[in-house]
Amino acid sequence: GENVEQHPSTLSVQEGDSAVIKCTYSDSASNYFPWYKQELGKRPQLIIDIRSNVGEKKDQRIAVTLNKTAKHFSLHITETQPEDSAVYFCAASGSGGSYIPTFGRGTSLIVHP
Amino acid sequence: SQTIHQWPATLVQPVGSPLSLECTVEGTSNPNLYWYRQAAGRGLQLLFYSIGIGQISSEVPQNLSASRPQDRQFILSSKKLLLSDSGFYLCASTGTGMGNEQFFGPGTRLTVL
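The listed protein sequences correspond, in order, to chains A and B.
Number 37 in our numbering belongs to position 37 of the first sequence; there are no gaps in the numbering.
Converting from the second sequence to our numbering requires adding 1000 to each position, the first position being numbered 1.
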């Protein structure tokens, strides 16, 4: 089955800095890669996703890049703000007809004012 | 887009007591439905998923069970709760097929004492 590794587990940055979270996946047939943000005590919410036919996608301060050859994808947050502090999860799905996403273990992002 | 309802929001139960958590989905038909558990500060553990009424697949053997009596209703149950059942239970839904966005419900925080 699919295996998703996510790094780092904790990321601490100063307000205004950029933050990068990286994920690798094992199954080259995976074709959908979402990123979720989970604030303390709340549900995970989709913030951006990318499909395997695209290499990069941006939405304001957030971007995701996908390298299919290397089987890794990354979340980039620019000009971080304290409200970006949360746990971020990556996931991969679509491999072999599977409708079950495989999640990374999460990254706790702390943005210091 | 979809709306997912879960109840109760919070639950405190004694060890050995039964459990019933309910999830209903609006805004879609024939969704794939999922139950996840999240321990404090941890990742998402998939417990059950369902591709249709009466069709349940278990990912982790344990004292929990799930049922799908209607297309947009998913129930998580236990006959006898264990201390280790404490956690944040999330219901999720996706459209049919591969590579679809997964929406999460607001969650139920269960404490077993």
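Where a beta carbon is used, it is the ideal one built from N, C-alpha and C, also for glycine.
As the structure is a prediction and not an experimental result, all values here were calculated from the model.
Checking the DSSP bridge columns, you'll see D49(A) partnered with P34(A). Its chain contains T1010, F1088 as the residues whose beta carbon lies nearer than 6 Å to that of R1109(B), once the 5 sequence neighbours on both sides are disregarded; these appear in chain order.
Closest in C-alpha terms to V1025(B), from the list A1092(B), L1082(B), D1085(B), comes A1092(B). For the segment 1028–1039 of chain B, the beta-carbon criterion of a distance under 7 Å to any beta-carbon of chain A is satisfied by N1032.
Residue pairing for I1051(B): DSSP places it in no beta bridge. If you compare the alpha carbons of N31(A), E15(A), Y36(A), G16(A) with that of Q1102(B), the shortest gap goes to Y36(A). Taking 7 Å as the CB threshold, P8(A) stays off the interface with chain B. Shortest Cα-Cα distance from A70(A) to any of T78(A), S52(A), Q81(A) involves S52(A). For the pair P1069(B) and Y1049(B), the Cα-to-Cα distance works out to about 14 Å.
Q81(A) counts as exposed, since fewer than 16 other beta carbons sit within 10 angstroms of its beta carbon.
For Y25(A) and V1012(B), the gap between their C-alpha atoms comes out near 38 Å. In the three-state DSSP reduction, E1026(B) falls in the strand class (E or B).
T107(A) sits away from A92(A), with the two beta carbons spaced by 7 Å or more. For K22(A), the closest of Y99(A), V111(A), A63(A), G94(A) by C-alpha to C-alpha distance is A63(A).
According to DSSP, residue pairing for S74(A) in a beta bridge involves K22(A), T65(A).
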